[in-house]
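Down below is the structure, laid out as structure tokens.
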Amino acid sequence: MAQNLITKNPCDFCKPPKRVKTPTNALPREERTRMLELARRAQPAPLGIAIELAPTTGMRRGEACALKWSDLSDDGTITVSHALGNGDGGLYVKEPKTSSSLRTIPLTRRTFDTLRLVRANAVRIANEFALPFGDPYILGTQEEKSRPYNPTQLGKDFAAFCKMNGFKCTFHDLRHTFATMMIAGGCDVRTVASYLGHASVSMTLDIYADVDPEAKRAAVSKVEESFDAEMSGYGDAIMDNVIGAPKRREPAISFSVEQLKAMLAAAEEKEAGHGRL
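Below, the structure is given as structure tokens:
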């Protein structure tokens, strides 16, 4: 086209291949409970905090690593305003994935209490050594010039934790677990999307439409109950048309087979008489 040899771009008429949807992997209830209990003893310690945060807030790995103590509010919420990324020059702080990713998330009581305990302990140690505390990264070193937890290293540490304890999931699967729990609990999709920081509700639906088979079975049961109530009068009518069902007591025609034969014979005789005339 640049050389004016063709007037249209052939690629404009190409259809991209259909995207293959990757199934989400959410931890069942028993595995979630076991993981959260083991997280309290996980090493390094920031790994345990990250494991506590992900399935209870739905945060991305880079978002969790970018959290600072100033993001934690006394009202039990935490604000996601940045994310950490890896580049050629190493770690860097960036804006979250989309504008919708800037969000404030209510914490569970357990997660909030855990974070307050960790912060109080870090402040106590800093005071004992007369060190300025500043505003460290929650998952980083607890000092004024805090070094953050590398998201890539977090992924590796979590993989080792899972291998050691028999879990088959990635850190991102904890985000899927959070979303699945919310949807299964009856939370509307718009609220789930706001928790996850999705750019649109359709994105949430596209990813999590088929994540909860138990919810599907419950929905089918509700539909079945509704139809049972509405269609109870149709059962007899349907059975009349089923092969092998009891037949009607009243004949569909008002004369017998013998009468039909006599009528046909009379018609033939009459036709033959016309032919002889």
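For what it's worth, the numbering used here labels the leading residue of the sequence shown as 11, then goes sequentially.
Where a beta carbon is used, it is the ideal one built from N, C-alpha and C, also for glycine.
Every value quoted in this text rests on a predicted model; they were computed, and no experiment measured them.
Note that the C-beta distance between His-186 and Ala-36 is below 7 Å.
With respect to the C-alpha of Ile-88, the residue from Glu-279, Asp-123, Val-103 having the closest C-alpha is Asp-123.
With a cutoff of 7 Å on beta-carbon distance, Ala-60 and Leu-164 are scored as near each other.
Note on geometry: alpha-carbon atoms of Tyr-205 and Gly-68 lie some 7 Å from one another. Counting only runs of at least 4 residues, the segment 149-198 fully encloses the following alpha helix (DSSP H) elements, listed from N- to C-terminal order: 161-175, 181-194.
Within the same chain, Cβ atoms closer than 7 Å to the Cβ of Thr-151 are found at Arg-157, the five residues on either side in sequence being excluded. With respect to the 7 Å criterion, Lys-104 and Ala-93 are classified as neighbours on the basis of their beta carbons.
Judged by their CB atoms, Pro-106 and Leu-184 are not nearer to each other than the 7 Å cut-off.
In the three-state reduction of the DSSP assignment, Gly-97 falls in the strand class. Apart from the 5 residues on each side of it in sequence, Ala-52 sits with its Cβ closer than 7 Å to the Cβ of Gly-58, Ile-61, Phe-171 in its chain, given in chain order. If you draw a straight line from the Cα of Pro-27 to the Cα of Thr-34, it is about 21 Å long.
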